[in-house]
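Engineer: Here it is, the structure in full.
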Amino acid sequence: MKIVVDRSPVLSGQNRKKTRMIFIFLLAWFLVIGFRLIDLQVLNHKKLKQEVIEQNQDLITIWPTRGTIFDRQGRILARSLPAVSIFFSPTRGEDLKDQLKSIYELKSILNLSETEINRLVNSIEKRKRFTWVKRKIPLEQAEKIKGLKLSGIYLINENKRFYPQGRLAAHVLGGVNIDDAGLAGVEYYYDSALRGREGQQLIMRDARRKEYYIETIKETQPGQDIYLTIDSNLQYLAEKELRQAIEKFKASWGTVIIMSPASGEILAMASYPDYDPNYFPPPPEAMVNRAIQYTYEPGSTAKVVTAAAARELAGISYNTYYDCRTGSMTFGGTSVRDHVRLGILSFPDVFIHSSNVGSIQIAEIIGEKNLYHMFKAFQFGEKTGIDLPGEEAGIVHPLEKWRKSSLRVAIGYELAATPLQILRAMNVYATGGYLVRPKVGLIGPYTQQNISDGSLRSDESRQPVISEKTARELVDLVFKPAVERGTGNQARLDGYELAGKTGTAQKFDPALRAYSISRHVASFVGFAPADHPLISMIVVIDEPKGPQYGGQVAAPVFREIARKALLYYHEPPQKLPENMILARQTKESGVTD
Amino acid sequence: MVRKKYSWKHVLLVAGLAILFLGNITFYIWYQSESIRLGYKIHDLENQLEKRQEEIKLLEAKKEALLSPDRIDRLAKDELNLQEVKPEQIIFEGEIEK
């Protein structure tokens, strides 16, 4: 390396002074900048960092979309769809008048009532930082509001529960509140599965608040889809027939439950009055699912248990006879009567014609203890364990509290049961002696099984209650004839053999402290076809006006639903009904003969 | 004043290093800005995908509402003047005991 030494002076004295001045000025300038940098980076570091994070980073909670509820065929019964909510947050420095202006501009678009406006004005005047204006409005409406760019008005994406089938299966589905939390029905029972688990995301934004990077801090677990055992078509059928019957008889309420006998799967559960879950909550009287949340004295439908006790525990022969000529009897300080004088009846005829007098005579032979044990074996007074909330257990008084009159349990008084409990009791005969646990929910996809192919699995938790022999005999000798020629003959269906039992229970009037002679609960419980049951069903109608008996009010509803349900399941008649043509297509001609 | 004189070799080396440094800086800035640009694009596409999925869900629900048994029954009766089949009008084909 060469070094060249220049010996001439670089700067004159004047220039050196100027250079020094510039140097001092620059040094001072750098010192100012340095101090400012220390101020920003060290002294105010914490505060400023926080401001930056607030400006360009958002840690947001991601709420999972609630799971969809399907029926057994994969039809959507409930689904969460996007909706937008509007909230107000005051802009800094804006005066009250301007803040209120935004609210008044929204009044017509959102159709806000005076009460809502007053609530908002009140909240703004109290300087609240956050106020909901309206929750879950349609997307089109939200776009309109977004376009207005109103000061202090913000939009947030949410989900809204939508029930595309409207009122269908309302009591099974239940409903959700404004925050999508299940409050009734399946929505409540399976809330934790449907709801999912919220996640967290860190969102990075640029100076224009535009998102450019998203980091998932905690994975969102979406709500689980749920498949129900409900068949939408059968549910509609049950609801329609029930509504027609309620209107025809000007009844107070009614319920229909259809169950798959072997598996305990509920195919339809209708309760009237009903409601539209899209507008939840409904009025309190419509909210009650009468199938499981209401107990009543079942009347003669409880005789299905008495008949079982007579055969299984007391060994009463089918050839015994009972004197029912008087049409009434008094025992234990109370009296029972038949709807007509029935004469001398055999054991099956007592139940076929639903004689209360005969049933009490049989109950006296059975004895209190045996009768009590049989009702307990059928699990009366206990919840069935169905996967729906609010189920009633019913009442069977403990044996030590029984009086002489408590033998009326044999005819369905002095005990309380839900319609589902009565159906389950009758279902014991459809399954050949087993008590099954009813259910409505199946988490996970349902394999497309047709109920009529008999491929539905039997309930694994089923319990034997009576022997298969007793079940078969009572079906053949009591419950089939009850439909063919007994009190349930209006349930008779040409071409098919049905089994069933009617029930007509007088209602207790607390004001009179006696049973009313004008207010009844009419019911019919049975299954079809009797020999290889595809469905078991109960129809309960409260306080019908005009005809009062279960055989007149509930049995025709049972018949109509059974007829359509058997057609729906392609179940041909077991014998050719009168005036019915048998058609068969021949290969050669293609003509039916 | 002493002035250093550098050879071309050194000047080229320094210039090369400077170019390499500047190149790296340029690449780094390009990489960062491209990442951000792609971030925007991915975010937009994800939003679009989500929107489409929501639209599908909405349309499925609408279809379900249109096919609800209540609506079909009403349309059949009110608009098409169809009537419910009577039991005696049904002809069964299959294995029936005579």
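Those protein sequences? They're chains A and B, same order as listed. Start counting at 1 in the first sequence, then tack on 55, and there's your number in this note's numbering. Start counting at 1 in the second sequence, then tack on 61, and there's your number in this note's numbering. Think of the CB as a built atom: it goes at the ideal place given N, C-alpha and C, for glycine as much as any other residue.
Under 9 Å, CB to CB, which of the residues in the stretch 531-557 of chain A have a partner in chain B?
Structural biologist: Leu548, Asp549, Gly550
Engineer: Roughly how many whole angstroms lie between the Cα atoms of A:Ser516 and A:Ile590?
Structural biologist: 19 Å
Engineer: Would B:Leu136 pass as an interface residue toward chain A - the criterion being a Cβ-Cβ separation below 7 Å?
Structural biologist: no
Engineer: Beta-carbon within less than 6 Å of A:Pro219's beta-carbon, same chain only, minus the 5 sequence neighbours each way: which residues are those?
Structural biologist: Closer than 6 Å at Cβ, skipping near neighbours: Ile131.
Engineer: Using the Cα positions of A:Gln629 and A:Leu553, report the straight-line distance between them to the nearest angstrom.
Structural biologist: Going by the C-alpha atoms only, they are around 11 Å apart.
Engineer: State the start and end residues of the unbroken beta strand (DSSP E) segment that holds A:Thr186.
Structural biologist: 186-192
Engineer: Can you pull out the residues from the stretch 219-231 of chain A whose beta carbon lies closer than 8 Å to at least one beta carbon of chain B?
Structural biologist: Pro219, Gln220, Gly221, Arg222, Leu223
Engineer: In chain order, which beta strand (DSSP E) runs of at least 3 residues are fully inside the stretch 537-624 of chain A?
Structural biologist: 554-564, 569-583, 590-597
Engineer: Looking at the secondary structure, which residues open and close the alpha helix (DSSP H) in which B:Asp105 lies?
Structural biologist: 69-127
Engineer: Less than 7 Å between CB atoms is the rule here; does B:Ser94 satisfy it with respect to chain A?
Structural biologist: no
Engineer: Evaluate A:Ala569 with the Cβ neighbour count: other Cβ atoms within 10 Å of its Cβ, from every protein chain shown; 16 or more gives buried, anything less gives exposed.
Structural biologist: exposed
Engineer: Please list the partners that A:Ile131 has in chain B, where partner means a Cβ-to-Cβ separation under 7 Å.
Structural biologist: Glu121, Ala122, Glu125
Engineer: By the three-class DSSP mapping on this structure, what secondary structure does A:Asp261 have?
Structural biologist: coil
Engineer: Would B:Phe153 count as contacting chain A if we go by Cβ distances under 7 Å?
Structural biologist: Closer than 7 Å to some Cβ of chain A, the Cβ of B:Phe153 qualifies, so yes.
Engineer: Kindly say whether A:Leu136, judged by its beta-carbon, lies nearer than 7 Å to any beta-carbon of chain B.
Structural biologist: yes
Engineer: Do three or more CB pairs link the stretch 430-450 of chain A to the stretch 556-569 of chain A at distances below 8 Å?
Structural biologist: Segments in contact, no.
Engineer: Does any residue of chain B have a CB that is nearer than 7 Å to the CB of A:Asn288?
Structural biologist: yes
Engineer: In three-state terms, what does DSSP make of A:Val360?
Structural biologist: helix
Engineer: Whole angstroms are fine: how far does the CA of A:Gly550 sit from the CA of B:Glu107?
Structural biologist: 60 Å
Engineer: Spell out whether any CB of chain A is found under 7 Å from the CB atom of B:Ile117.
Structural biologist: no
Engineer: Among A:Arg527, A:Thr557, A:Leu548, which one has its Cα closest to the Cα of A:Gly541?
Structural biologist: A:Thr557
Engineer: Relative to the C-alpha of A:Gly129, which residue among B:Leu141, B:Ala122, B:Gln144 is closest?
Structural biologist: B:Ala122
Engineer: Quick check on A:Ile391: does DSSP put it in helix, strand or coil?
Structural biologist: The amino acid at residue 391 of chain A is misidentified as Ile; the sequence shows Val. It is a strand residue.
Engineer: How should A:Phe682 be labelled, buried or exposed, when 16 other C-beta atoms within 10 angstroms of its C-beta is the threshold for buried?
Structural biologist: Here chain A has residues from 56 to 648 only, and residue 682 of chain A is not among them.
Engineer: Helix, strand or coil for A:Val495, going by three-state DSSP, please let me know.
Structural biologist: A:Val495 falls in the coil class under three-state DSSP.
Engineer: Under 7 Å, do A:Pro599 and A:Val612 count as touching if we go by C-beta distance?
Structural biologist: no
Engineer: Could you pull out every residue in the same chain whose Cβ sits closer than 8 Å to the Cβ of A:Ile301, ignoring the five residues on either side in sequence?
Structural biologist: Trp308, Gly309, Tyr327, Ile596
Engineer: Within the stretch 121-174 of chain A, note down every full beta strand (DSSP E) run reaching 3 residues or more, in order along the chain.
Structural biologist: 131-143
Engineer: So is A:Ser414 buried or exposed if we call it buried at 16+ other beta carbons inside 10 Å?
Structural biologist: buried
Engineer: Can you find a C-beta in chain B that's less than 7 Å from the C-beta of A:Glu266?
Structural biologist: yes
Engineer: Measuring CB to CB, does A:Ile421 end up less than 7 Å from A:Ala341?
Structural biologist: The answer is no: Cβ separation not under 7 Å.
Engineer: Which of helix, strand or coil does DSSP assign to A:Val87?
Structural biologist: helix
Engineer: Taking only three categories from DSSP, how would you classify A:Lys215?
Structural biologist: strand
Engineer: With which residues is A:Thr385 paired in a DSSP beta bridge?
Structural biologist: Assignment of beta-bridge partners to A:Thr385 by DSSP yields A:Ser390.
Engineer: Does any CB atom of chain B fall closer than 7 Å to the CB of A:Gln69?
Structural biologist: Answer no: the Cβ-Cβ gap between A:Gln69 and chain B never drops below 7 Å.
Engineer: I'd like to know if the stretch 245-253 of chain A and the stretch 272-288 of chain A are in contact, where contact means that at least 3 CB-CB pairs between them fall below 8 Å.
Structural biologist: yes
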